[in-house]
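**Student:**
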């Protein structure tokens with residue numbers, strides 16, 4: 001997505017937020033690093049949110065991080081929702097858990113969600129043609145939110 005739209009990418013894992021998340025009831029109780037990460041999340045032009053699936057849902061620690069975001073801070077923000085899981089039983093997690101969660105924030109979740117399981121990868125690289133197609137579809141959908149970036153990309157080709 002960075003290549004096509006010229007975005008600067010920053011990737012965070014839940015471990016990057018650190019231990020203060022586990023004890024914080026309010027955003028102000030987070031340590032400086034965790035507050036910085038949360039601020040980068042709400043300031044981003046677009047979010048790609050990914051979560052592992054455990055027993056049909058996202059982890060509680062992930063939900064707790066999202067709970068510390070004010071609902072207005074994600075309003076109208078485009079979000080690509082993604083998830084991984086152990087098999088097809090978890091595939092609907094993106095539709096039944098993540099999409100409603102970000103709907104509460106009045107964010108714009110992209111129409112195409114991306115779900116992947118172990119069989120979609122070989123040596124940590126995408127192997128599945130179906131997964132590659134869904135990723136391409138989702139990346140294409142970003143253009144509706146950033147048409148000027150699509151024009152720049154087309155002019156550069």
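In UniProt numbering, the protein residues as written are 1 to 157. All residues carry an ideal CB built from backbone N, CA and C; glycine is no exception. The model shown is predicted, which means the values in this text are computed figures rather than measured ones.
Buried or exposed: which applies to residue 85, given that a residue is buried once 16 or more other Cβ atoms fall within 10 Å of its Cβ?
**Tutor:** Per the 10 Å Cβ criterion, buried.
**Student:** Okay, do the stretch 124 to 135 and the stretch 25 to 38 touch, 3+ Cβ pairs below 8 Å being the bar?
**Tutor:** Taking 8 Å as the limit for Cβ pairs, the verdict is that the stretch 25 to 38 does not touch the stretch 124 to 135.
**Student:** Buried or exposed, going by whether 16 or more other CB atoms sit within 10 Å of the CB of residue 12?
**Tutor:** When all chains shown are included, residue 12 counts as exposed.
**Student:** What residue range is occupied by the uninterrupted beta strand (DSSP E) comprising residue 79?
**Tutor:** Where residue 79 is concerned, the enclosing beta strand (DSSP E) stretches over 78 to 85.
**Student:** With respect to the beta strand (DSSP E) encompassing residue 51, which residues constitute its N-terminal and C-terminal limits?
**Tutor:** Its beta strand (DSSP E) spans residues 47 to 52.
**Student:** Can you give the Cα-Cα distance for residue 109 and residue 81, rounded to whole angstroms?
**Tutor:** Between residue 109 and residue 81, the C-alpha separation is close to 7 Å.
**Student:** Note down, in chain order, each residue of its chain lying with its Cβ closer than 7 Å to the Cβ of residue 33, except the 5 sequence neighbours on either side.
**Tutor:** If we look at residue 33 and ignore the five residues flanking it on each side, its Cβ neighbours are 18.
**Student:** Name the DSSP bridge partner or partners of residue 121?
**Tutor:** Answer is 126.
**Student:** Quick one: measure Cβ to Cβ for residue 66 and residue 101, integer angstroms, because I've assumed they're closer than 8 Å.
**Tutor:** Residue 66 to residue 101, Cβ: 7 Å. Contact.
**Student:** Where do the ends of the alpha helix (DSSP H) carrying residue 104 lie?
**Tutor:** Its alpha helix (DSSP H) spans residues 99 to 104.
**Student:** Look at the alpha carbon of residue 130 and the alpha carbon of residue 118, and state the distance between them as a whole number of angstroms.
**Tutor:** Looking at the two C-alpha atoms, the distance is approximately 13 Å.
**Student:** Would you kindly work out how many angstroms separate the C-alpha atoms of residue 99 and residue 15, rounded to a whole number?
**Tutor:** Rounded to whole angstroms, residue 99 to residue 15 spans 23 Å at the Cα level.
**Student:** Rounded C-beta distance between residue 45 and residue 7? I'm assuming under 8 Å.
**Tutor:** The Cβ separation is near 7 Å, so the contact holds.
**Student:** What beta strand (DSSP E) runs, 3 residues minimum, are completely inside the stretch 9 to 68?
**Tutor:** The qualifying runs are 47 to 52.
**Student:** Below 8 Å between beta carbons: does that hold for residue 95 and residue 113?
**Tutor:** Contact: yes.
**Student:** From the DSSP secondary-structure annotation, give me the bridge partner or partners of residue 116.
**Tutor:** DSSP, once it has assigned bridges, lists 84 as partnering residue 116.
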